[in-house]
Structures are given as C-alpha cells and as structure tokens.
Amino acid sequence: MTKTVPVALAVVLLVAGTASADVRRFAVVVGNNHGAAKRAVLRYAEADADKVARALREVGGVKPSDLFVLKAGSADQLERTLERARRAIRQAELLPSTKTLLLFYFSGHGDGEALELGKDRVTYGHLRALLSGTGAIARVAIIDACQSGSAILQKGGVPAEPFTLQVADRLAVSGEVFITSTAANEAALESSELRGSVFTSHLVSGLRGAADASGDHEVTLSELYRYAYDRTVATTALTPSGAQHPTWRFDIAGQGEIVLASLRHVPSRLEVPKDADRVVITDVRQDEVVAEVTPGAARSIALLPGRYAVRSVRHGRSDVTSVLLTGGSRRAVSWEDFGEEPVGADARPQAPPGRKDGALRVCVLGFRNLTGDPKLDSLGEAIAEAIHTDFGTVKGVRLVERGQLDLDLGELEFEAGRYVDPKTRAQLGRIRGAEVVVLGSYQRAGATTRVTGRFVHVETGEVLFTLKVEQPNGRLLALQDAVAAAVTAKLPQLEARLRKP
C-alpha cells in the first residue's frame, strides 16, 4: 500500500574524488512529521531525513561536523540551523583554496506554496533566500512534497524528463539547482514497504550506487535525477492518484559533471544478482530499508559494514537471505544464497517444518529498552503484561509463562530481519514448551515512542511476522494497549500458518 504523504527535500552539489580536495561539503537535513492543524501525521518524513543524512555521511562526503540535522522543529529552529551552517561556511571560506557546497534536505508537509513545519510555514521564496544567504558557492534544492512543482513554476520551470547538467568538478561555478518530486498539481506518495517517500527512497538508492549508470563508482547529478525520475514515475504510475513526475530548474554555469556521491572509498559493497525484478536491502540493526535495486540499475551498492537482509523478487516469488559485510569486503549475492518466500496478495508464507496440533503455545518476552533512558526500563515489562492480558481472550492460544523458560533475555539480539541471528537462535532453541516467542524493543524519535515486535519460530529462528506501533511520548498506556491489540490481531495469521493445512 502507498498513501499520499508530502515530503520535501533540498540537496546541494557534492563534488567527490581527488579533484575536489578543496571542496568543503555542508548539509542541513530537516524532517518533520507534523504539518498544519488538519494535516494527518506523516509516517516517514523524519525517517527519510535520517536516511538522507546517513547516505550523505557514508557516500556523500559530508563530515559529521558539517552535517546539521533538525527533526520535529519549528520555522524559527530551521532558520537558526541554517544560520549555524552559514557561520560554518563562512569560516571554511577563510581558507583561500576552499570552495563550499551546501545540502539542505527538508522532509515534511507542503501545500504548493510553502513547506510546513508543524503549524509554521516557510514559503519557497523565503527558503531560496535562506539558502542563498548561507553564502555557499553552489546549492541544489530538491523538494519532495505534494504539489512541490509549484516551487519550480514560480520561476518559470516546467516538468522535465532526465537531463544532462554539466558543471566544473572544482566548483568554478556558482548558483542553484531546484529539483522537485512532483508536478504542481500532483501528490507525493510514500511506500510502507520501503518505509519512506517513494521519491526519497529512490534518491537514496541512487546515491548508494543504483544510479551509477557509467560504472565509474561515482554518482553525478544528472545520473541521480535520471534514476530518481524513471523509478518514481514507474513506481507510482499505477497508483490511484497517478504517476509522480519530478521536475527541475537550474541557474548555474560551468563545464564537467557534478558528482553527488563517490563510492570508491566506501568500506564495503554488496552486489545483487542479475535478472531480479527488484531487490530490497534492509539494514538489520537499524531496521531501515537502505536501497532498492530494479532492472536497468547498477547492481553494486555501497554500504558500511554490518548485517543486511536482502529480499529479491523474481518470477512471482520472493527470495530472502542475510549477508554480513565486513570492512573492505565486496560481497556478491548469488541465487544459491536465498531461501524462497512466496509473495502476492493471496500468498501465505511457507510454514516452518513440523506442523503441530492443539493450541498454539506462545511466550511473550520482555521488550528491550533502546531509548537510553533507564526510567523507561519498566515499559518493556508493562508491554508484555498488556499482551498477556489480551491473550487471555484469544481461543486456540496457550500462553507459556516466561518464568517457565530457562532463558537469559540479556543475551538475545533484538534486530530485524528474516531470521534472528545465530546466537539468539541458539538461545531460543533452549526454550521448552513454546512454539513461538514474541519479542521486540522500543525507542524514541522526537516526540514519538516506537515499539517494534517480532513473532519468532523457536525451532527455526524464522521471523514469522513483524509489527510496529507508535504513540506520542505522553501516551504510554495507550501505547501498551495498541501493541497488545496489534499482537492479538496477528494471531489468526499465526494459526493459519502453523495449524491450518
């Protein structure tokens, strides 16, 4: 499912490689799930900001000290953040050989005339003035929002297919580029599968290498726009609201290509198999979709070391594997690495071996506190207790009390993915009497508390189902009830998978 979500984004030129030794890159990344009073709260605006910030650190050449992130902020906080960037840019330009590039990313609501930060509005004209006022020599604004093409039309731009834009690698240039995710009268869509805006998801995938059409391990502005345009149109073409058509306008001069991302020095690479209809790569620890690769895209994706879940769809089925990347590794995933996972609206996941009869035996483990606040340690037990209470009303399910289990919860890893990690699987294998365990974690992002949970098959370590529930920080009782309801709602699917033929 997709739903209409305005998300805005602005990016400035990132010139990479040895030719850019005198180029200093700055980025301001802003996300806000809240807009005007009657707006629905967005699901992925702030998460999109995190994705963009991460990609800029890892492949865009932006140092952490030159990256300014603002989430759930106001218009006044946005201006103060840009002022901090302006001071840093001015300081950098005191060195005679230094040229500055600025990236500004905003993810949130928009109405065709302005970006919305909660109840505040920032008009596109004011945004351009703020970006120009930073003093950066070159700026690129990419606005990913509903009706964001209005920002282009105000200056005479038109919806446009992929283009070739050339600018000197050493920034013998000044000016700005504006790119938007939609035309003036179009909606911006988000994808629950990609856990983000459609346009931004393709943008981040492109930065990580999917847009590297030339195969030179660099992603240029024209390559990135071409990739994001093609993929956004293709992804949204059959949706009820119709296709999104990214647009662009630029007022910049020079020769050569603008390089937005350099993949040469990223410590690890993941190469996905050929002939897939699509491949989705998820960072297991962060529970974040980091890239999607489709036919015609480059297959080598730049990633930091870590564990990644790779799901590849081909010929009507979904194949899944887990990959551990170490520093300096170049891992090619082959079809032999995968296990099948049927997909489709009517397809049921394959059942683990050994169907059993009788009531389902389920154990609810405590949820892990990832907030960093010890005062919230008790929330994990409270969530488990709320689930226990609801389980008492469900037929066909027998609750196995945790006290009956010989299990050290501190040794478990609560990462996302198709299977739990080997150490956790070994620990779960010690459970006697329970077929499925429910476990998870909770964390905070701004004013929101998020709980993620998983149903894990004890025998195989397979993650059967997942869930995610969010509530404002002050509604912890409502959060517990919502998690319990979400878990209970999964039980008929669990029974269908493990009991019914």
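When we follow my numbering, the leftmost residue of the sequence shown carries the number 134, and every step to the right adds one. Think of the CB as a built atom: it goes at the ideal place given N, C-alpha and C, for glycine as much as any other residue.
{"Check": "Within 9 Å, strictly: CB atoms of valine 426 and arginine 440", "Outcome": "no"}
{"Check": "Chain-order list of residues whose beta-carbon lies under 6 Å from that of glutamate 603 (same chain, five-residue window excluded)", "Outcome": "Thr581 and Arg583"}
{"Check": "Cβ-Cβ separation, serine 338 to alanine 409 (assumed contact under 8 Å), whole Å", "Outcome": "Wrong, their Cβ atoms sit about 14 Å apart, outside the cutoff."}
{"Check": "Pairwise C-alpha distance: serine 334 and histidine 378", "Outcome": "15 Å"}
{"Check": "Glycine 329 beta carbon less than 9 Å from that of lysine 184", "Outcome": "yes"}
{"Check": "The segment 195-213 contacting the segment 169-185, beta-carbon criterion three pairs below 8 Å", "Outcome": "yes"}
{"Check": "Glutamine 626 versus Thr585, Val530 and Arg577, residue with shortest Cα-Cα distance", "Outcome": "Val530"}
{"Check": "Three-state secondary structure assigned by DSSP to histidine 335", "Outcome": "helix"}
{"Check": "Other residues of its chain near leucine 639: CB distance less than 7 Å, five sequence neighbours each side excluded", "Outcome": "Given that the chain is displayed from residue 134 to residue 634, the structure contains no residue 639 and the question cannot be resolved."}
{"Check": "Nearest residue (CA-CA) to arginine 382, options His521, Thr315, Thr415 and Ser445", "Outcome": "Thr315"}
{"Check": "Residue burial classification, asparagine 318 (beta-carbon count within 10 angstroms, cutoff 16)", "Outcome": "exposed"}
{"Check": "Cβ neighbour criterion (16 or more within 10 Å) applied to arginine 630", "Outcome": "buried"}
{"Check": "9 Å Cβ cutoff met for valine 495 and valine 596", "Outcome": "no"}
{"Check": "Spatially closest choice to arginine 463 from Arg432, Arg213, Glu469 and Thr621, by CA coordinates", "Outcome": "Arg432"}
{"Check": "Paired residues, beta bridge with histidine 639 - DSSP", "Outcome": "No answer is possible for residue 639: the residues shown for the chain start at 134 and end at 634."}
{"Check": "Exposure of alanine 343, with buried meaning 16 or more beta-carbon neighbours within 10 Å", "Outcome": "buried"}
{"Check": "Cβ neighbour criterion (16 or more within 10 Å) applied to glutamine 224", "Outcome": "exposed"}
{"Check": "Status (buried if at least 16 other CB within 10 Å, exposed otherwise) for threonine 448", "Outcome": "The amino acid occupying residue 448 in the given sequence is histidine; threonine does not appear at that position. Exposed."}
{"Check": "Contact check, valine 443 vs valine 399, beta carbons under 9 Å", "Outcome": "no"}
{"Check": "Close-in-space but distant-in-sequence residues of the same chain around histidine 242 (CB under 6 Å, 5 per side omitted)", "Outcome": "Pro139, Gly168, Arg172 and Glu249"}
{"Check": "Straight-line gap, leucine 509 to leucine 600 (C-alpha atoms, nearest Å)", "Outcome": "20 Å"}
{"Check": "Reference alanine 435, options Thr365, Arg402 and Pro428, closest by Cα", "Outcome": "Arg402"}
{"Check": "For isoleucine 638, the first and last residue of its enclosing alpha helix (DSSP H)", "Outcome": "In this structure the chain extends from 134 to 634, so residue 638 is not present and cannot be described."}
{"Check": "Sub-9 Å separation of leucine 264 and alanine 278 beta-carbons", "Outcome": "no"}
{"Check": "Rounded straight-line distance, which links the Cα of proline 438 to that of threonine 233", "Outcome": "29 Å"}
{"Check": "Selection from Gly461, Thr459 and Ser445 that minimises the alpha carbon distance to glutamate 469", "Outcome": "Ser445"}
{"Check": "Collapsed DSSP secondary structure at leucine 498 in the structure displayed", "Outcome": "coil"}
{"Check": "Threonine 599 (DSSP reduced to helix, strand or coil)", "Outcome": "strand"}
{"Check": "Proline 625 Cβ short of 8 Å to the ligand MG heavy atom set", "Outcome": "Annotation note on the ligand MG: not contained in the displayed structure, which lists no ligands."}
{"Check": "Cβ pair valine 331, alanine 321 closer than 9 Å", "Outcome": "yes"}
{"Check": "Range covered by the beta strand (DSSP E) that runs through alanine 394", "Outcome": "392-395"}
{"Check": "Start-end ranges of the beta strand (DSSP E) lying completely within the segment 148-203, minimum 3 residues", "Outcome": "156-164"}
{"Check": "Counted within 10 angstroms of its Cβ, other Cβ atoms place threonine 256 as buried (16 or more) or exposed", "Outcome": "exposed"}
{"Check": "Span separating the alpha-carbon of threonine 522 from that of glutamine 613", "Outcome": "11 Å"}
{"Check": "Unbroken alpha helix (DSSP H) run spanning aspartate 470, endpoints", "Outcome": "No alpha helix (DSSP H) holds aspartate 470; DSSP gives it neither H nor E."}
{"Check": "Test item: CB-CB of leucine 512 and leucine 609 under 9 Å", "Outcome": "yes"}
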